[in-house]
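Asker:
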Amino acid sequence: MNTIADLREAIRRCTPPNHRDRIFARIFQALRIAVNGELDILQQFLAKFIDFFSS
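Quick note on the working numbering: the sequence shown kicks off at 911 and runs consecutively.
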């Protein structure tokens, strides 16, 4: 796979049509979260949040 189109086609081939939109949304959301490091940012925020309210 080299492009988004390749990924979309692979997903399309192995998913039922009635669930495809939701599956596409979840996969691309997961990719966005990973690429943007959103879980790391959330973890840092929560650590600061807990520290703030613990003191």
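Note that CB positions come from ideal geometry on N, CA and C, so glycine has one too.
Could you tell me which whole alpha helix (DSSP H) segments of length 4 or greater appear in the segment 917-953?
Answerer: 930-946
Asker: How many angstroms separate the CA atom of LEU917 from the CA atom of MET911?
Answerer: When rounded, the separation of the alpha-carbon atoms in LEU917 and MET911 is 6 Å.
Asker: Since I believe ARG932 is in contact with ARG922 (beta carbons under 8 Å), could you give me their beta-carbon distance rounded to a whole number of angstroms?
Answerer: Wrong, their Cβ atoms sit about 13 Å apart, outside the cutoff.
Asker: Alpha carbon to alpha carbon, how far is LEU952 from PHE962?
Answerer: 15 Å
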